[in-house]
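Numbering (the numbering used here), first residue to last: 3 to 180.
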């Protein structure tokens, strides 16, 4: 099954500020598993951050494969998997043991103070995990598997430069922001 694809259409487009420059320079296609009810809400309103009690704070959590996303989901009702373009920017990367032993929790503001945009947790039994702290970092999402919900969603807060710099396609169709 063909998924999301990103290609550079205008490499000269850079972000309008330091954060946007970092975000435009590092993205990944990641996965998020959730329930049908939550998937419908995501399709309508976009992704929301989880609880502050989550591993590295209140963030939107993603996995590198659909299978890892399902394993990481907190409920057996997680039957919908989104494939997402996620702007990672500068990653803070370390092991789960490091984050847990120091009880490190982040917010958008605290991560920005360190010059980072996302957290990459390694050496987890369920596979690596990525946390982003702002809605504008999830550029687009399509349903990868599971029940049908509206198929393409795009954050309205994504830096406009992203759409000027990159072309996003899904199954041969060029996508554009909502």
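Here a beta-carbon is modelled for each residue, glycine too, at the ideal position from N, C-alpha and C.
From a predicted model like this one, the values you see are computed outputs, not experimental measurements.
* Asked: So, residue 136 versus residue 110, is the Cβ gap smaller than 7 Å?
  -> One-based indexing of the chain shown puts residue 136 at position 134. One-based indexing of the chain shown puts residue 110 at position 108. Their beta carbons are under 7 Å apart, which means residue 136 touches residue 110 by this criterion.
* Asked: Roughly how many angstroms lie between the CA atoms of residue 22 and residue 81, to the nearest whole one?
  -> The sequence position of residue 22 within the chain shown is 20, counting from 1. The sequence position of residue 81 within the chain shown is 79, counting from 1. For residue 22 and residue 81, the distance between alpha carbons rounds to 33 Å.
* Can you grab the Cα-Cα spacing for the pair residue 27 / residue 91, in whole Å? => To locate residue 27, count along the chain shown from 1; it is residue 25. To locate residue 91, count along the chain shown from 1; it is residue 89. Whole-angstrom Cα-Cα distance: 6 Å.
* **Contact set for residue 3: own chain, Cβ-Cβ below 7 Å, skip 5 residues either direction** => Sequence index remark: in the chain shown, residue 3 carries index 1 (1-based). With a pLDDT of 41 at residue 3, under the threshold of 50, the predicted position of this residue should be treated as unreliable, and no value is reported.
* residue 9 burial status per 10 Å Cβ neighbour count (16 or more: buried) -> For the purposes of this step, residue 9 is taken as residue 7 along the chain shown, with counting starting at 1. Result: exposed.
* Could you spell out the range, first to last residue, of the beta strand (DSSP E) harbouring residue 95? => Counting from one through the chain shown, the residue named residue 95 turns up at place 93. Counting along the chain, the unbroken beta strand (DSSP E) around residue 95 starts and ends at 93 to 97.
* Are residue 55 and residue 97 closer than 7 Å when you measure CB to CB? -> In the chain shown, residue 55 corresponds to position 53, counting from 1. In the chain shown, residue 97 corresponds to position 95, counting from 1. Against a cut-off of 7 Å, the Cβ pair of residue 97 and residue 55 comes out as no contact.
* Roughly how far, in whole angstroms, is the beta-carbon of residue 52 from the beta-carbon of residue 60, given that I think they are within contact range, below 8 Å? -> Along the chain shown, one-based indexing puts residue 52 at 50. Along the chain shown, one-based indexing puts residue 60 at 58. Between residue 52 and residue 60, the beta carbon gap of about 6 Å places them in contact (Cβ cut-off 8 Å).
* Asked: With 16 other CB atoms within 10 Å as the buried threshold, where does residue 74 fall?
  -> On the chain shown, position 72 is the one that residue 74 refers to. Label assigned to residue 74: buried.
* What separation, rounded to the nearest whole angstrom, lies between the Cα atoms of residue 19 and residue 50? -> Within the chain shown, numbered from 1, the residue matching residue 19 stands at position 17. Within the chain shown, numbered from 1, the residue matching residue 50 stands at position 48. Those two C-alpha atoms are separated by around 24 Å.
* Asked: With respect to the alpha helix (DSSP H) encompassing residue 26, which residues constitute its N-terminal and C-terminal limits?
  -> As a first step, residue 26 must be located in the chain shown, where it is residue number 24. Where residue 26 is concerned, the enclosing alpha helix (DSSP H) stretches over 20 to 27.
* **For residue 113, the three-state DSSP class (helix, strand or coil)** => For the purposes of this step, residue 113 is identified with residue 111 of the chain shown, where counting begins at 1. Looking at residue 113 - three-state DSSP - the assignment turns out to be helix.
* To do: Classify residue 118 as helix, strand or coil using the three-state DSSP reduction.
  => Within the chain shown, residue 118 is the residue found at index 116, counting from 1. Of the three classes helix, strand and coil, the one that applies to residue 118 here is coil, per DSSP.
* Tell me, which residues are paired with residue 64 by DSSP? -> Numbered from 1 along the chain shown, position 62 holds the residue referred to as residue 64. 132, per the DSSP bridge assignment.
* **Opening and closing residue of the beta strand (DSSP E) in which residue 38 lies** => What you label residue 38 is simply residue 36 of the chain shown in a count that begins at 1. Element bounds for residue 38: not the beta strand (DSSP E) but the alpha helix (DSSP H), 38 to 47.
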